[in-house]
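One structure is given here, and the rest of the page talks about it.
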Amino acid sequence: MKPLAYRMRPQKFEDVFGQDHLVGKDGVLTSMLAKKKLLSFILYGPPGTGKTTIAQLFAERSGLDYYFFNASTDTKA
Numbered sequence: 330m331k332p333l334a335y336r337m338r339p340q341k342f343e344d345v346f347g348q349d350h351l352v353g354k355d356g357v358l359t360s361m362l363a364k365k366k367l368l369s370f371i372l373y374g375p376p377g378t379g380k381t382t383i384a385q386l387f388a389e390r391s392g393l394d395y396y397f398f399n400a401s402t403d404t405k406a
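Numbering (the numbering used here) for the sequence shown: 330 to 406.
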């Protein structure tokens, strides 16, 4: 069973709280997806602000292949 934090993660942009400038109706990332014009971006901020969740939701909505890695735990083989 996944940890509670993973089970409680928002499943869609509309469920993300406090990041309307990114994922709200007129948010930057929402607009990029709507226009199908995807640009690179970096999400930064303190732990618990939704960076990973927003990145996962964006990747899923884009319809493109993606891979997530954690630079602090993933190492080169």
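Idealized CB from N, CA, C, for every residue including glycine.
Residues near residue i in its chain [Cβ-Cβ closer than 8 Å; skip 5 each side]
i	result
G374	K380
L316	Only positions 330 to 406 of the chain appear in the structure, and residue 316 is not among them; the question remains open.
Residue j beta carbon less than 9 Å from that of residue i
i	j	result
T382	G347	no
V352	L386	yes
S391	L372	no
A388	F397	yes
is_contact[residue i, chain B] using C-beta, thresh 9 Å
i	result
S401	You won't find chain B in this structure, because it holds only one protein chain.
Residue environment, residue i, which counts as buried when at least 16 other CB atoms sit within 10 Å
i	result
F342	buried
L409	The structure shown does not extend to residue 409, since the chain is modelled only from 330 through 406, so no value can be given for it.
Start and end residues, alpha helix (DSSP H) containing residue i
i	result
R336	L333 to R336
D349	D349 to V352
Close Cβ partners of residue i (< 7 Å) along its chain, the five nearest in sequence each way excluded
i	result
Q340	none
G356	D349 and H350
T359	F342, V352 and G353
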